[in-house]
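Remarks on the structure that follows.
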Amino acid sequence: MENISRRARPLGITILAIILAVFGILALLGVILGFIGASQIGGAAAGALTVALIIAAIFAIAYLVLAWGLWTLRPWAFWATAVVMVLSLLNALFGLVVQHTALSGLLLGLIIPIVVLIYLFADRNVRAAFRT
């Protein structure tokens with residue numbers, strides 16, 4: 799098997815991996831603080847909050863795993879990032895059509911996934927680094 803560490807990691811992938819790692823760490827900190835707050839709440843609200851926090855923790859861990867995969871140039875991370883960006887794009891469109899999200903948040907929700915997807919698929923160096 800070829801040594802993955804010998805392949806050059808494109809700068810954009812490095813930046814994306816760092817952003818995902820920071821987001822994952824901050825999300826985990828938010829989950830921890832949320833569990834501390836949930837312990838102070840009683841009743842059905844605490845149960846609903848706990849379920850939401852567990853889901854948030856799963857997403858936070860997924861972002862950390864994805865960041866590691868991008869950092870180490872794992873081919874599955876390329877495709878997982880593409881899927882996450884498509885889902886983010888669909889979520890932003892859903893926010894526009896159904897939830898009537900504020901335009902500023904919507905623009906970021908649309909622009910960032912589009913830029914990442916274009917970068918992943920249009921740059922030959924990125925595809926070569928992941929061997930896709």
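Going by the numbering used here, the sequence shown opens with residue 799, and the numbers climb by one from there.
We treat Cβ as the ideally placed atom computed from N, Cα and C, and that holds for glycine.
The structure displayed is predicted, hence computed values, not measured ones.
Neighbour flag for L894 against chain C, beta carbons, 8 Å: In the displayed structure, chain C is absent; only one protein chain is listed.
C-beta atoms of R807 and A920 nearer than 8 Å: Position 9 of the sequence shown holds residue 807. Position 122 of the sequence shown holds residue 920. No.
Close Cβ partners of L887 (< 6 Å) along its chain, the five nearest in sequence each way excluded: The residue labelled residue 887 in the question sits at position 89 within the sequence shown. Closer than 6 Å at the Cβ level, and outside the excluded window around L887, lie P911.
Coil, strand or helix - G841 by DSSP: Translated into the one-based positions of the sequence shown, residue 841 becomes position 43. Residue state, collapsed to three classes: coil.
Reduced DSSP secondary structure (H/G/I, E/B, other) of P808: On the sequence shown, position 10 is the one that residue 808 refers to. Residue state, collapsed to three classes: coil.
Which of helix, strand or coil DSSP assigns to L871: Within the sequence shown, residue 871 is the residue found at index 73, counting from 1. Coil, per DSSP.
Residue closest to G867, alpha-carbon to alpha-carbon, out of G828, Y917, N923, L818: Residue numbering aside, residue 867 sits at position 69 when the sequence shown is read from its first letter. Ranking the options by Cα distance to G867, first place goes to L818.
A900 in three-state terms, based on DSSP: Counting from 1 along the sequence shown, the entry for residue 900 is found at position 102. A900: coil per DSSP, three-state reduction.
Touching by the beta-carbon criterion (3+ pairs, under 8 Å), the stretch 839-854 and the stretch 891-908: no
Spatial neighbours of A855 in its chain, beta-carbon cut-off 6 Å, leaving aside the 5 residues before and after: By 1-based counting over the sequence shown, the position of residue 855 is 57. Excluding sequence neighbours, A855 sits near V829.
Limits of the unbroken alpha helix (DSSP H) element including V924: In the sequence shown, counting from the first residue as 1, residue 924 sits at position 126. Taken as a continuous stretch (DSSP letters only), the alpha helix (DSSP H) holding V924 covers 922-928.
Rounded separation between I823 and R922 - CA only: Translated into the one-based positions of the sequence shown, residue 823 becomes position 25. Translated into the one-based positions of the sequence shown, residue 922 becomes position 124. For I823 and R922, the distance between alpha carbons rounds to 30 Å.
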